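Chains as they are written, first to last, in our numbering: chain D, 41 to 286; chain G, 8 to 359; chain E, 567 to 633.
In this text, a Cβ means the ideal position worked out from N, Cα and C, and glycines have one as well.
Keep in mind that this is a model prediction, so the values were computed, not measured.
Some notes on the structure that comes next.
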Amino acid sequence: MPKFTRPRALADTETHYCPGCTHGIIHRVIAEVIDEMGAQGETVGICPVGCSVLAYDYFNCDMIEASHGRSPAVATGVKRARPDRLVFTYQGDGDLAAIGIAEIIHAAARGENITAIFVNNTTYGMTGGQMAPTTLPGQVTQTSPYGRNTATDGFPLRICEIMAQIDGVALAERVAVIDPKSVSTAKKAVRKGFEFQKNKQGFSIIEVLSTCPTNWGLTPLKSIERLKNDMLPYYPTGVYREGAAR
Amino acid sequence: MERSLMKGNEALAEAAIRAGCAHYFGYPITPQNEITAYMSKRLPKVGGVFIQAESEIGAINMVYGCAATGTRCMTSSSSPGISLKTEGISYLAGADLPCVIVNVQRGGPGLGSIQPSQADYWQATRALGHGDLRIPVFAPSTVQEMADMTGKAFDLADEYRTPVMILADGLLGQMMEPVSFPEEKAPAARGEKAWAANGHGNARPKNIVNSLYLQPEKLEQNIKERFVRYGEIEKKYADAVSDNADGADIIVAAYGSTARIARSAADMARAAGIKTGTFRPLTLYPFPEKALREACASAKKVLVTEMSMGQMVDDVKLALECKLPVEFFGRTGGFVPAPSEIFEKIKSMTEV
Amino acid sequence: MKWVLNFERCKGCALCTGACPKKILVIQEERINANGYYTARCVDADACVGCALCAVMCPDCAIEITD
Chain D
41 MPKFTRPRAL ADTETHYCPG CTHGIIHRVI AEVIDEMGAQ GETVGICPVG
91 CSVLAYDYFN CDMIEASHGR SPAVATGVKR ARPDRLVFTY QGDGDLAAIG
141 IAEIIHAAAR GENITAIFVN NTTYGMTGGQ MAPTTLPGQV TQTSPYGRNT
191 ATDGFPLRIC EIMAQIDGVA LAERVAVIDP KSVSTAKKAV RKGFEFQKNK
241 QGFSIIEVLS TCPTNWGLTP LKSIERLKND MLPYYPTGVY REGAAR
Chain G
8 MERSLMKGNE ALAEAAIRAG CAHYFGYPIT PQNEITAYMS KRLPKVGGVF
58 IQAESEIGAI NMVYGCAATG TRCMTSSSSP GISLKTEGIS YLAGADLPCV
108 IVNVQRGGPG LGSIQPSQAD YWQATRALGH GDLRIPVFAP STVQEMADMT
158 GKAFDLADEY RTPVMILADG LLGQMMEPVS FPEEKAPAAR GEKAWAANGH
208 GNARPKNIVN SLYLQPEKLE QNIKERFVRY GEIEKKYADA VSDNADGADI
258 IVAAYGSTAR IARSAADMAR AAGIKTGTFR PLTLYPFPEK ALREACASAK
308 KVLVTEMSMG QMVDDVKLAL ECKLPVEFFG RTGGFVPAPS EIFEKIKSMT
358 EV
Chain E
567 MKWVLNFERC KGCALCTGAC PKKILVIQEE RINANGYYTA RCVDADACVG
617 CALCAVMCPD CAIEITD
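Quick look at the structure:
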């Protein structure tokens with residue numbers, strides 16, 4: 041039976057994430073892939089503004105704090121200066137799909153050899169649970185107190201499907217981290233993204249459906265149910281684009 | 008030293024490359040487009056990287072990432088574009104990242120005009136981003152200075168780990184003058200900066216490039232340490248040039264291209280028997296206060312002239328501690344003042 | 567096969583209890599850790615087969631499976 045221990049690329053420290061928040065699982069999965077690729081020394085991670093703003097303390101590789109939404113541009117600057125480095129961004133849905141959507145689309149359009157880990161929990165977590173571009177119709181948030189009304193608040197953005205239309209993209213895959221099986225699929229996706237990057241075959245984005253027990257007002261286990269019942273129908277997991285962009 | 012006839016914008020870009028800047032991130036905006044175009048032509052030929060970003064915001068954040076790896080890099084824009092970059096500039100200052108940011112000023116506010124202007128003085132010296140920060144600002148007034156100050160800006164940026172601005176204007180950017188360049192400095196060795204986040208190679212502790220400090224003790228200490236460096240910059244880099252100041256009754260203070268026009272006006276005034284000297288700051292931050300006081304030793308009045316409604320005039324009053332009457336004459340909206348207009352103003356200041 | 571919990575690191579989120587195929591993980595309510603959380607507990611160590619599914623679902627890397 042496999043022993044199970046903390047990956048070396050994951051710092052041995054307490055995180056500030058709420059109990060049951062699946063950010064922690066996603067962090068570990070990334071760190072496991074970095075360990076398996078022996079890439080800890082050549083990896084540079086870019087963390088955003090949002091719940092994962094402190095992620096620079098949680099990865100044992102060089103880390104850079106980006107301003108809200110701009111990680112893909114920062115990652116571009118890093119990768120173009122040091123093409124031999126493994127560069128990933130770690131972004132929430134407010135960061136990537138709202139303020140930073142121009143940056144992510146153009147990093148993809150340029151086919152930057154970077155990997156974006158996009159954590160979609162349908163809300164702005166750090167600031168207390170506001171409506172995000174990915175908030176579902178009818179979902180109650182701090183800024184859609186009567187439930188997101190598509191007549192006035194518009195419709196959620198399906199980022200993977202959008203990114204799949206861009207030729208610079210080698211991988212656009214949506215995964216979830218709701219049970220061991222989906223966690224292992226998520227890990228394979230991250231590994232694929234990093235491999236495309238290492239082979240200079242273009243931009244990769246892995247959208248990871250994630251929970252936010254605190255702002256959803258649900259227990260961690262009930263949050264998993266909510267993700268399955270409400271989010272999966274709107275955001276089906278799967279590969280939306282895969283194949284070397286160049 | 009071979010000389011070539013070049014536009015100010017292109018001379019600046021060439022000087023940056025020769026200063027070892029092989030990474031440039033830009034976005035189209037008049038009147039600085041020649042910088043972007045020149046970089047797109049030259050950098051690929053020297054193994055450098057040119058990216059036209061999705062916006063000025065994208066560009067400044069690419070500079071942030073590139074600078075974080077310890078690599079010399081630059082961006083350029085004009086007034087509205089600089090406004091878009093100010094959040095990024097604040098982050099660059101807060102994360103102690105060296106880089107060069109060029110503003111080829113145009114008329115403002117708003118969409119303003121594409122004609123020359125100096126109306127971004129306050130922005131450049133006071134408001135390049137939120138928080139306690141200062142950004143060193145060089146003010147060229149010739150095509151040669153567009154080149155020389157670029158090299159100096161990169162050295163200052165690296166020496167004190169800070170973004171540095173070159174504040175030019177559309178006149179300087181578009182005019183052609185002979186210029187010569189120092190020999191090319193090899194692109195600064197990559198990644199030799201110990202603080203850089205470019206992969207620890209399992210050979211050193213990890214580096215974090217960051218400006219977030221949630222604990223007040225840490226942020227205050229971080230800021231205070233940076234202000235010690237600003238103090239050193241003020242002692243070492245404040246610079247100015249003055250002419251005919253000894254025994255002058257009136258000193259005309261101006262920077263950038265307006266300073267050249269002010270010099271002609273001062274010549275006309277002296278020809279008319281008015282003892283007139285000129286003062287030109289080469290750096291706007293740090294503002295050369297001591298040099299100004301020395302230049303005004305014998306002056307009875309000071310005239311400040313700018314292509315704006317008057318912004319540097321405040322710094323002149325501050326430097327002189329309001330001990331001398333300071334008057335202002337300027338044209339704005341994209342107008343370049345004529346020497347005669349400034350001369351008329353000088354004359355009016357002598358009438359009792 | 568040994569299920570080892572980092573008592574101080576556990577936040578009592580219970581995701582491990584949902585993942586355990588043997589249903590031998592619970593959230594105990596006798597002792598809180600320094601952060602004030604009731605933590606996970608294995609009620610039948612012998613029944614543990616070391617599959618580590620609990621550890622896979624733990625957001626805080628608080629569970630180790632050692633041989």
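- Annotation: M182(G) to M77(D) spans about 54 Å, alpha carbon to alpha carbon.
- Contacts between I58(G) and chain D, judged by CB atoms closer than 8 Å, involve T116, R120, R150 in chain order.
- With distances taken between CA atoms, A272(G) lies nearest to V311(G) out of A306(G), V311(G), E296(G).
- Under the DSSP definition of a beta bridge, T312(G) partners with F336(G).
- When the Cα atoms are used, Y31(G) and S222(D) turn out to be separated by approximately 41 Å.
- Annotation: the continuous alpha helix (DSSP H) that includes K231(G) extends over 223-244.
- Nearest CB-CB separation between F44(D) and chain E: below the 8 Å threshold.
- By the neighbour-count criterion, in which a residue is buried when 16 or more other Cβ atoms sit within 10 angstroms of its Cβ, Q182(D) is exposed.
- S148(G) is positioned such that its CB atom lies no closer than 8 Å to that of V111(G).
- Looking at the DSSP output, L211(D) shares a beta bridge with S244(D), E282(D).
- DSSP, read as helix, strand or coil, puts K568(E) in strand.
- Its chain contains I230 as the residues whose beta carbon lies nearer than 6 Å to that of D139(G), once the 5 sequence neighbours on both sides are disregarded; these appear in chain order.
- Put simply, the backbone Cα of A138(D) is about 24 Å away from that of L221(G).
- Chain G has a Cβ within less than 8 Å of the Cβ of Q80(D).
- The C-beta distance from L50(D) to C627(E) rounds to 6 Å, short enough to fall under 8 Å.
- In terms of beta-carbon proximity, A204(G) lines the interface with chain D, with at least one pair separated by less than 8 Å.
- Among the CB atoms of chain G, none fall inside 8 Å of the CB of A156(D).
- Close to G64(D), with beta-carbon spacing below 8 Å, are these residues of chain E in chain order: C624, P625, D626, C627.
- Residue state for P185(G) is assigned as strand, using DSSP reduced to three classes.
- With respect to A245(G), F286(G) sits apart: the two C-beta atoms are not nearer than 8 Å.
- Cβ-Cβ distances below 6 Å link K588(E) to A613 in the same chain, with the five nearest sequence neighbours on each side left out; the list follows chain order.
- Looking at the backbone, the Cα of V343(G) and that of D253(G) are separated by about 28 Å.
- Within the segment 74-119 of chain G, complete beta strand (DSSP E) segments of at least 3 residues are found at 80-84, 106-112, given in chain order.
- With fewer than 16 neighbouring CB atoms inside 10 Å of its own CB, G117(G) falls in the exposed class.
- By DSSP's assignment, S184(D) forms a beta bridge with T181(D).
- Look at the segment 157-180 of chain D: it has no residue with a C-beta under 7 Å from a C-beta of chain E.
- Chain D has no Cβ within less than 8 Å of the Cβ of G602(E).
- Any Cβ of chain D closer than 8 Å to the Cβ of N217(G) would place that residue at the interface, and such an atom is present.
- Beta bridge pairing from DSSP links A216(D) with L249(D).
- Counting along the chain, T357(G) sits inside the alpha helix (DSSP H) bounded by residues 346-357.
- A residue is called buried once 16 or more other Cβ atoms fall within 10 Å of its Cβ, and N217(G) is buried on that count.
- In the assembly as shown, F236(D) is a buried residue. Its beta-carbon has 16 or more other beta-carbons within 10 Å.
- M172(G): member of the beta strand (DSSP E) spanning 170-176, first to last residue.
- Judged by pairs of C-beta atoms under 8 Å, the segment 590-604 of chain E does not touch the segment 190-197 of chain D, as fewer than three such pairs exist.
- Secondary structure at Q130(G): helix, using DSSP grouped into helix, strand and coil.
- For a cut-off of 8 Å, the C-beta gap from L176(D) to D270(D) is around 6 Å, short enough to register as a contact.
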